[in-house]
Amino acid sequence: MATMWPRLLPAAIRAESRRAAEVRVYDALAAQLGSAWTVFYSRPWLGETSTGSEIDGESDFVVAHPDYGVLFVEVKGGAITYDPAQDRWTSTDRHGIRHRIKNPIKQAADSKHALLKKAQAERSWPRGFFRFRHGVIFPDVSSVPQNAGPDGPRELFATRQDLDQLVRWIVQRLSGGNEDALGPHGVRVLEHLLARPIQLHSPLSYSSADDDAAIEILTPQQFHILNAFEDLRRVAVSGGAGTGKTVLACEDARRLSASGKRTLLTCGSVQLARHIRDVLRDSGVEIETFADLARRLGTESGVLSNSTLPRSEQLPEVVFDSLSTRPDLAYEAVVVDEAQDFTPATWVAIDALASRSEGSALHAYFDSNQRLYGELRSHFDAYTLLPIRLSRNLRNTQNIHEATQRFYRGPALVADGPLGAAVQWINSEDAELERTALDEVRRLVKTEAVLPEDIAVLAPEAGILDRLAIPLRDQVHVGLTLSTVGHFKGLERRFVILLATRSLSDIPEMAYVALSRARAHLTVAGPAEVIKWLREQ
Numbered sequence: 084m085a086t087m088w089p090r091l092l093p094a095a096i097r098a099e100s101r102r103a104a105e106v107r108v109y110d111a112l113a114a115q116l117g118s119a120w121t122v123f124y125s126r127p128w129l130g131e132t133s134t135g136s137e138i139d140g141e142s143d144f145v146v147a148h149p150d151y152g153v154l155f156v157e158v159k160g161g162a163i164t165y166d167p168a169q170d171r172w173t174s175t176d177r178h179g180i181r182h183r184i185k186n187p188i189k190q191a192a193d194s195k196h197a198l199l200k201k202a203q204a205e206r207s208w209p210r211g212f213f214r215f216r217h218g219v220i221f222p223d224v225s226s227v228p229q230n231a232g233p234d235g236p237r238e239l240f241a242t243r244q245d246l247d248q249l250v251r252w253i254v255q256r257l258s259g260g261n262e263d264a265l266g267p268h269g270v271r272v273l274e275h276l277l278a279r280p281i282q283l284h285s286p287l288s289y290s291s292a293d294d295d296a297a298i299e300i301l302t303p304q305q306f307h308i309l310n311a312f313e314d315l316r317r318v319a320v321s322g323g324a325g326t327g328k329t330v331l332a333c334e335d336a337r338r339l340s341a342s343g344k345r346t347l348l349t350c351g352s353v354q355l356a357r358h359i360r361d362v363l364r365d366s367g368v369e370i371e372t373f374a375d376l377a378r379r380l381g382t383e384s385g386v387l388s389n390s391t392l393p394r395s396e397q398l399p400e401v402v403f404d405s406l407s408t409r410p411d412l413a414y415e416a417v418v419v420d421e422a423q424d425f426t427p428a429t430w431v432a433i434d435a436l437a438s439r440s441e442g443s444a445l446h447a448y449f450d451s452n453q454r455l456y457g458e459l460r461s462h463f464d465a466y467t468l469l470p471i472r473l474s475r476n477l478r479n480t481q482n483i484h485e486a487t488q489r490f491y492r493g494p495a496l497v498a499d500g501p502l503g504a505a506v507q508w509i510n511s512e513d514a515e516l517e518r519t520a521l522d523e524v525r526r527l528v529k530t531e532a533v534l535p536e537d538i539a540v541l542a543p544e545a546g547i548l549d550r551l552a553i554p555l556r557d558q559v560h561v562g563l564t565l566s567t568v569g570h571f572k573g574l575e576r577r578f579v580i581l582l583a584t585r586s587l588s589d590i591p592e593m594a595y596v597a598l599s600r601a602r603a604h605l606t607v608a609g610p611a612e613v614i615k616w617l618r619e620q
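Each residue of the sequence shown is one higher than the one before, counting from 84 in the working numbering.
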């Protein structure tokens with residue numbers, strides 16, 4: 084049997100009535116030609132005219148043999164008519180409907196010349212003068228005239244009677260002349276030209292950019308909540324990871340400042356505070372970690388000397404004492420992000436930060452994961468903060484949301500983001516984890532066209548990150564983030580590579596935070612037992 088391209092005709096092609104004649108010829112060629120023959124069905128081509136304009140066409144069949152050469156075949160079904168007065172070819176189908184068709188002789192000849200030119204342009208095309216011929220098959224016609232014109236001698240055509248012995252007509256068309264044999268190599272070059280597999284890679288950066296764009300469109304939809312409580316002075320806004328608490332807190336602070344209130348936005352993380360400063364640049368909002376705020380207030384009030392560095396447990400007392408000494412240091416509006424991280428003693432100081440003057444505001448944003456943080460609502464009730472609940476995950480893809488939900492227990496969350504890519508889980512023992520991280524960063528940057536600034540590599544402890552900083556220094560220089568999970572709390576990146584060392588499984592809160600830091604694509608690498616724990620919790 085000949086080598087057929089395609090190997091089998093798809094059912095959809097066999098079902099098309101307009102391709103019935105071509106299907107009949109395909110089956111005849113497959114049944115009659117031996118293994119030395121190669122047949123290409125329906126090969127389109129794009130060429131140029133003498134003036135440089137584009138011209139396209141298609142060869143119904145290209146039949147190749149290493150000794151005989153190459154035959155280009157055009158197939159036309161139905162009863163065929165040619166009207167020389169109008170230079171018009173037509174085909175009449177079994178229902179008596181007439182269809183105008185292109186000149187089949189010219190089509191076959193054009194395909195021959197176009198594909199010969201393309202074959203000769205192949206670097207591996209063999210040298211020589213090879214037999215390239217063309218022909219026409221009318222499988223529904225009993226005979227053709229002895230002479231169908233100067234370009235259509237009788238031997239150019241095969242009809243219904245020839246279908247049972249099609250190989251005889253093909254060999255006859257490829258007979259005569261003293262051309263060189265194409266050879267097996269020439270046939271392989273034709274296969275490369277006409278049946279070359281093509282795999283076009285779509286980098287992850289493209290699909291993730293689409294997912295990220297969808298997330299950015301969704302996020303402002305959450306802002307209507309701010310409109311709902313703009314007249315409420317004291318609120319506690321809760322939501323799980325991905326509900327956009329930090330985005331809302333920033334917009335809330337921006338609006339409070341724009342209304343004329345002296346506004347503070349505070350949090351516990353240095354990196355989160357740095358990020359918020361970038362977001363709220365020129366907004367008039369004062370952004371400080373609680374530790375930095377306490378030291379500054381202590382210095383300005385005289386409670387602390389310039390050389391005094393209070394311990395963390397002393398910070399709430401420093402703030403409270405500073406405000407007692409200098410009540411003017413209080414704010415008209417205080418917004419607290421990641422409020423669940425602050426101790427009860429710290430909350431006494433935070434409450435004091437919000438001026439008791441009429442119209443002052445205290446807005447807290449906290450995580451509603453009761454599995455990790457317990458029931459915090461009663462804690463905030465003590466400060467007369469009205470509860471507001473966020474129920475839509477807008478900042479993660481659905482696949483990332485699903486991974487985080489194994490560590491979440493609280494009010495139901497709906498994943499409204501795009502489906503996104505599946506989470507990538509990589510089994511990698513501790514000794515191999517650095518190499519795995521390097522390989523994954525380089526794959527994302529080089530193969531998937533991801534910008535280093537869109538990638539964060541996270542780990543529970545700093546040691547492995549310190550060791551990665553040297554081989555990844557070029558990527559870090561242009562924006563790649565290396566961070567512990569704890570320091571990255573409240574932050575996010577489009578791509579996150581989580582190095583799930585064994586210590587991650589000791590702290591469920593860390594796993595919850597780590598898995599939810601990626602917006603569009605999450606890769607988790609670690610020992611098999613840790614990966615199993617993360618996936619099956």
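Each residue gets a CB set at the ideal place from its N, CA and C atoms; glycine is no exception.
For residue i and residue j, which I take to be in contact (beta-carbon distance under 8 Å), what is that distance rounded to the nearest angstrom?
{"i": "V561", "j": "P535", "result": "5 Å"}
{"i": "L398", "j": "F373", "result": "7 Å"}
{"i": "I538", "j": "R576", "result": "6 Å"}
{"i": "D150", "j": "A264", "result": "5 Å"}
{"i": "E641", "j": "S438", "result": "Nothing in the structure corresponds to residue 641, since the chain is present only between 84 and 620."}
{"i": "H217", "j": "K195", "result": "5 Å"}
{"i": "K328", "j": "D464", "result": "Actually they are not in contact, since the Cβ atoms of K328 and D464 sit about 19 Å apart, beyond 8 Å."}
{"i": "S290", "j": "A504", "result": "7 Å"}
{"i": "L249", "j": "V219", "result": "Not confirmed; about 13 Å, so no contact."}
May I have the straight-line CA-CA distance separating residue i from residue j, to the nearest angstrom?
{"i": "W56", "j": "E531", "result": "For residue 56 there is no data in the structure shown, the boundaries of the chain being 84 and 620."}
{"i": "V613", "j": "L587", "result": "8 Å"}
{"i": "Q453", "j": "F490", "result": "10 Å"}
{"i": "G135", "j": "L129", "result": "12 Å"}
{"i": "L72", "j": "L473", "result": "Nothing about residue 72 can be read from this structure; the chain reaches only from 84 to 620."}
{"i": "E299", "j": "L581", "result": "23 Å"}
{"i": "A311", "j": "D335", "result": "12 Å"}
{"i": "P591", "j": "L617", "result": "9 Å"}
{"i": "R585", "j": "R600", "result": "19 Å"}
{"i": "H284", "j": "W508", "result": "21 Å"}
{"i": "V568", "j": "H268", "result": "58 Å"}
{"i": "S451", "j": "A495", "result": "10 Å"}
{"i": "P410", "j": "L436", "result": "9 Å"}
Return yes when the Cβ of residue j is within less than 8 Å of the Cβ of residue i, no when it is not.
{"i": "V533", "j": "L541", "result": "no"}
{"i": "V418", "j": "L339", "result": "yes"}
{"i": "V320", "j": "H446", "result": "yes"}
{"i": "A202", "j": "L276", "result": "yes"}
{"i": "V353", "j": "G381", "result": "no"}
{"i": "V318", "j": "L502", "result": "no"}
{"i": "G140", "j": "D223", "result": "no"}
{"i": "R337", "j": "S443", "result": "no"}
Only counting the same chain, and skipping five residues up and downstream in sequence, which positions put a Cβ closer than 7 Å to that of residue i?
{"i": "P554", "result": "L521"}
{"i": "I253", "result": "V146, L154"}
{"i": "A422", "result": "A447, Y448, F449"}
{"i": "Q558", "result": "V524, V528, P535"}
{"i": "L301", "result": "L477, D499, G500"}
{"i": "E105", "result": "D143, V158"}
{"i": "V109", "result": "The residue asked about is misnamed: residue 109 is Tyr in this sequence, not Val. Cβ within range, chain order: L92, Y124."}
{"i": "G235", "result": "I188"}
{"i": "A432", "result": "P399, V402, F403"}
{"i": "N230", "result": "P236, R237"}
Shortest alpha-carbon distance to residue i belongs to which of the options?
{"i": "R181", "options": "A162, G351, A197, H196", "result": "A162"}
{"i": "L112", "options": "D143, A432, Q354, H268", "result": "D143"}
{"i": "G493", "options": "F449, C333, A94", "result": "F449"}
{"i": "G323", "options": "A583, A603, G573, G609", "result": "G573"}
{"i": "S395", "options": "F425, S384, V368, D420", "result": "F425"}
{"i": "W208", "options": "V219, G218, G266", "result": "G266"}
{"i": "P543", "options": "E137, L598, H462, T487", "result": "L598"}
{"i": "P610", "options": "N510, S133, A413", "result": "N510"}
{"i": "V270", "options": "V122, H196, L387", "result": "V122"}
{"i": "A514", "options": "P427, A608, H462", "result": "A608"}
{"i": "A552", "options": "F571, P470, R518", "result": "R518"}
{"i": "P280", "options": "E485, E619, Q488, P89", "result": "P89"}
{"i": "R214", "options": "P187, R256, G235, R177", "result": "R256"}
{"i": "L355", "options": "I370, L347, P393", "result": "I370"}
{"i": "V227", "options": "T164, Q304, D375", "result": "T164"}
Might you give, ordered along the chain, the residues of its own chain that have their beta carbon closer than 6 Å to the beta carbon of residue i, omitting 5 neighbours on each side?
{"i": "L605", "result": "I483, V506, V579"}
{"i": "I138", "result": "G130, T132"}
Please list, in chain order, all residues of the same chain as residue i whose beta carbon is under 8 Å from its beta carbon, the five residues on each side excluded.
{"i": "R251", "result": "D245"}
{"i": "D434", "result": "L445, Y466"}
{"i": "E205", "result": "V272, H275, L276"}
Using 8 Å as the limit for Cβ to Cβ distance, is residue i near chain B?
{"i": "I281", "result": "In the displayed structure, chain B is absent; only one protein chain is listed."}
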